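Novice:
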Ligand code: SF4
Ligand code: SF4
Ligand code: FES
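Chains as they are written, first to last, in our numbering: chain V, 1 to 661; chain D, 662 to 827.
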């Protein structure tokens, strides 16, 4: 091909233009670190922070992130005018920022702080303008500090574009502009699914994981407690990044020793829980497949996805695997077994988990996972929090001797380890299913490795043909599910992870500057798999023992499975449409939740209202609309004096009303 | 007294149907709904979000962006005192003080508990020739003084009393 090569000159160096989407990428390819606040390659370009300004000969000063690279461009990134502009922007930001750097949890990896330092900002020439906002402590997973927000909008775009949730948005305008949740409620009271992807893009400390470090220290130092800890697979290939290792470097041995030194009594592996999940979910899948019931089966290990499904797909909840996640299976088994073995109370056994994920904090507090109010998992800390605890302890991770897991819950197969990567759950379940259906089959099922956010494959095992989809990022999941609903696609199993690439890219993981960090971590996990003795979960000897000795069918069901509920998106009162002072004969409630709405609740409402008006009953009827009556599959739902009518029609409602009168 | 809640909510349904639940018509929908309720109640915004298939946060964002929309219920009489430059130099502040004192309202508390009065200041009503200006609902009162303001207030109160006696 005689395609002319295209080049640009950037700070006196000629650079080849290839696939770069914008000038910013080209500048970075030329090894110049342009500061940015509002640019992320995975979300849309916003072009608001103006940090990435460059001088293009003949065109003037333009933002690099929203300028296309063109052949022959001559670009300067560091003229005195640009330097002055950048400094000014930082000073303006700092003037309305609360600057409590010394006590800010983001200090050290805050982009505002770093860029200010990099640009040599020495003083702020503008008057400090601060209005104090309360911290948002409403969520178990996410901490919002609006005082730190610089309005870059990154979180808003991630939440709506990548996760299709839209929990955060801009509100008000001018000097009052803010990033808020709907109606200024707490982030724990709205549709946020706790994925923490907003935390990962927030350049400052406005969005942080809700730390539980102090709770963990308190338990560890309490002599009356036995404290055990589980480590999720994704943590071991990422923690090292806080201590100078490359993404994907395995530091399992170091982490184990560090935890022992800190004072944990036993160090176990969440992958043991994952092996259990594979067996339970694998059996559930084969069972549903043979009965052709509730397919596709959706995986349920990701608590952000589970909450998303509960909010937006109540009609599909019967398709969700009833299996608890590895974290929760681990917690339930641990509390059940160890409490017996050690002869202590549940309260005196503290289970801590170290997760790459903020949503796991939310999951651990769900009522389904408590026994008499005591949670199966007491505290959840993220990879980031673990790094802080290690530093607080003064442990030098680079020098510490390597340790190994405690038995029995520290024994794991490779199938449990790859759970941390998108596609890993499917691969692990397939290994098990293959093994079960066709003795001696030990295929690896590598179809689901790699970086794609949507991976589809057809697989033959024996005489069975299975169609699987692996998807990460909830917006991608939404697209896929909408197709399934319309009947355009059919799958037998769908694996969903809320974070793009899987848990290795979770909201509690390090924020890396390396482009390949996520795939390197994934590779790290598959390398771990190779090094382990077994690769199919059912080969785990301790799991076999568990099923032989303690886990009969009923007990397995009680400890390892769960149920889901339809969830309102926002905590909010019902709409009282018609209120009557006293003497009310009728009280009617109609559900206006998403699902009922789609099933025609509004038409039903109008018809019933017309009827009541005709019969002259309005004065005696209290009419309320609720946002979710939690019976979405049976919508539209209307209740008359407490009696709820499913799949309600006007005739049915009228019959009930007349009966009462 | 028949309350008008159902009528209003029926209007919301009508408005949504009219715009075919098109998220691009959000502003028009909010505008028409506000006409009905005189403000945008939270629960109704959530309902609109459900109907349009967008997040309640985006509805809230739009509703707070335009100063035309209001998220708090307003009184039966909305009194606006202009504090534009022309009115300001002609002592609009005195008039505001009188109203605040008479009505027991302030910059924080804008609406009386009985939902009869709402007191607001506005930047400029474009009626500078009549400065200082007070607007009650859509009625403009120009060249106001402290005394005239109290008179105006008394007239409204009298009118209210008569309506209630009916
Ligand atoms: S945690 Fe996830 S769902 Fe919640 S606001 Fe952040 S990005 Fe949105
Ligand atoms: S919270 Fe963080 S990511 Fe969101 S707009 Fe503010 S500074 Fe940007
Ligand atoms: S990164 Fe280009 S304007 Fe923010």
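C-beta: ideal position from N, C-alpha, C; glycine also.
None of the values given here were measured: they were computed from a predicted structure.
Along the beta strand (DSSP E) that carries residue 455/V, what are the first and last residues, could you check?
Specialist: 454-461 is the span of the beta strand (DSSP E), which, as asked, contains residue 455/V.
Novice: Measure the Cβ-Cβ separation of residue 51/V and residue 38/V and say whether it is below 9 Å.
Specialist: Their beta carbons are under 9 Å apart, which means residue 51/V touches residue 38/V by this criterion.
Novice: Can you give me the start and stop residues for the beta strand (DSSP E) that residue 266/V sits inside?
Specialist: Segment 266-269, the beta strand (DSSP E) holding residue 266/V.
Novice: Between which two residues does the beta strand (DSSP E) harbouring residue 209/V extend?
Specialist: First-last of the beta strand (DSSP E) with residue 209/V: 207-209.
Novice: Quick one: what's got a C-beta closer than 6 Å to residue 664/D's C-beta in the same chain, skipping five residues either side?
Specialist: With a pLDDT of 49 at residue 664/D, under the threshold of 50, the modelled position of this residue cannot be trusted; read the value that follows with caution. Excluding residues within five positions, none has a Cβ falling inside 6 Å.
Novice: On the three-pair Cβ rule with 8 Å, is the stretch 350-368 of chain V touching the stretch 225-235 of chain V?
Specialist: Counting Cβ pairs under 8 Å, three or more are found: they touch.
Novice: For residue 512/V, which residues of its own chain have a beta-carbon under 7 Å away from its beta-carbon, when the five flanking residues on both sides are left out?
Specialist: Taken in chain order, the residues that qualify are 241 and 247.
Novice: Could you check how far apart the C-beta atoms of residue 624/V and residue 575/V are, in whole angstroms? I think they sit under 8 Å.
Specialist: About 7 Å; that satisfies the 8 Å criterion.
Novice: For a contact defined as C-beta to C-beta under 7 Å, what are the partners of residue 719/D on chain V?
Specialist: Going along chain V in sequence order, the residues near residue 719/D (Cβ under 7 Å) are 166 and 169.
Novice: Return yes when the C-beta of residue 304/V is under 8 Å from any heavy atom of ligand 1, and no when it is not.
Specialist: Flag set: Cβ of residue 304/V near ligand 1.
Novice: Would you say residue 1/V reaches chain D, if we count a Cβ-Cβ gap shorter than 9 Å as a contact?
Specialist: Because residue 1/V carries a pLDDT of 44, less than 50, the predicted location of this residue cannot be relied on, and the following value inherits that uncertainty. Residue 1/V does not count as touching chain D.
Novice: Listed in chain order, which residues of the stretch 567-592 of chain V have Cβ atoms closer than 8 Å to some Cβ of chain D?
Specialist: So the list reads 569, 570, 572, 573, 574, 575, 576, 577, 578, 579 and 592, given in the order they occur along the chain.
Novice: Strictly below 7 Å CB to CB, what residues from chain D border residue 602/V?
Specialist: Near residue 602/V (Cβ distances below 7 Å), the residues of chain D are 674.
Novice: Mind checking residue 816/D: buried by the 16 CB within 10 Å criterion, or exposed?
Specialist: Looking at its Cβ environment, which holds fewer than 16 other Cβ atoms inside 10 Å, residue 816/D is exposed.
Novice: Can you tell me where the alpha helix (DSSP H) with residue 697/D in it begins and where it stops?
Specialist: Residue 697/D -> alpha helix (DSSP H) spans 687-698.
Novice: Tell me which same chain residues have a C-beta within less than 7 Å of the C-beta of residue 595/V, skipping the five on either side of it?
Specialist: If we look at residue 595/V and ignore the five residues flanking it on each side, its Cβ neighbours are 314, 315, 632 and 635.
Novice: For residue 47/V, I'd like the list of residues in its chain whose CB is within less than 8 Å of its CB, leaving aside the five on either flank, ordered along the chain.
Specialist: Hits under 8 Å: 38, 63, 65 and 66.
Novice: So for residue 20/V, helix, strand or coil by DSSP?
Specialist: DSSP places residue 20/V in coil when its eight states are reduced to three.
Novice: What is the DSSP secondary structure of residue 678/D, counted as helix, strand or coil?
Specialist: Reduced to three states, the DSSP call for residue 678/D is helix.
Novice: What is the residue span of the beta strand (DSSP E) that residue 743/D lies within?
Specialist: Its beta strand (DSSP E) spans residues 738-743.
Novice: Quick one, which of 266/V, 430/V, 231/V and 99/V has its alpha-carbon nearest residue 278/V's?
Specialist: Out of 266/V, 430/V, 231/V and 99/V, 430/V has the C-alpha closest to the C-alpha of residue 278/V.
Novice: My guess is that residue 335/V and residue 367/V are in contact by the Cβ rule of under 8 Å, so how many angstroms apart are they, rounded?
Specialist: With a Cβ gap of about 16 Å, residue 335/V and residue 367/V do not count as contacting.
Novice: Pop quiz: residue 170/V and residue 153/V are said to be a contact at Cβ under 8 Å. What is the actual Cβ separation, rounded to whole angstroms?
Specialist: Between residue 153/V and residue 170/V the Cβ distance is about 7 Å, and since that is below 8 Å, they are a contact.
Novice: Specify, as a first and last residue, the run of the beta strand (DSSP E) that residue 541/V falls within.
Specialist: Not the beta strand (DSSP E): residue 541/V falls in the alpha helix (DSSP H), residues 541-549.
Novice: Using the C-alpha atoms, what's the distance from residue 826/D back to residue 662/D?
Specialist: Residue confidence for residue 662/D is low, a pLDDT of 33 falling below 50, so the modelled location carries little weight and cannot support an answer.
Novice: Just to confirm, are residue 232/V and residue 420/V a CB contact at a threshold of 9 Å?
Specialist: Yes.
Novice: With distance defined between alpha-carbon atoms, name the residue in 437/V, 454/V and 456/V nearest to residue 464/V.
Specialist: Checking every option, the nearest Cα to that of residue 464/V belongs to 437/V.
Novice: Taking 9 Å as the cut-off, decide whether the C-beta atoms of residue 393/V and residue 261/V are in contact.
Specialist: In contact: residue 393/V and residue 261/V (Cβ atoms closer than 9 Å).
Novice: Using DSSP with H/G/I as helix, E/B as strand and the rest coil, what is residue 731/D?
Specialist: The answer is coil: DSSP assigns residue 731/D none of H, G, I, E or B.
Novice: What residues from chain V crowd round residue 738/D, counting only those whose CB sits closer than 7 Å?
Specialist: The premise fails here: residue 738/D is roughly 24 Å from chain V at the closest Cβ pair, so nothing lies under 7 Å.
Novice: How would you call residue 733/V, buried or exposed, if buried means at least 16 neighbouring beta carbons within 10 angstroms?
Specialist: There is no way to answer for residue 733/V, as the model of chain V reaches only from 1 to 661.
Novice: Report the rounded CA-to-CA distance for residue 2/V versus residue 73/V, giving the unit in angstroms.
Specialist: Residue confidence is low: residue 2/V scores 49 on pLDDT, short of 50, so the model does not pin down where it sits. Its coordinate-derived value is still stated next. When rounded, the distance between both Cα atoms is 21 Å.
Novice: If you draw a straight line from the C-alpha of residue 402/V to the C-alpha of residue 528/V, how long is it?
Specialist: Each residue's Cα considered, the two are about 16 Å apart.
Novice: Among 578/V, 597/V, 344/V and 6/V, which has the Cα closest to the Cα of residue 617/V?
Specialist: Among 578/V, 597/V, 344/V and 6/V, the Cα nearest to that of residue 617/V belongs to 578/V.
Novice: Which residues share a DSSP beta bridge with residue 171/V?
Specialist: Beta-bridge pairing links residue 171/V to 178/V.
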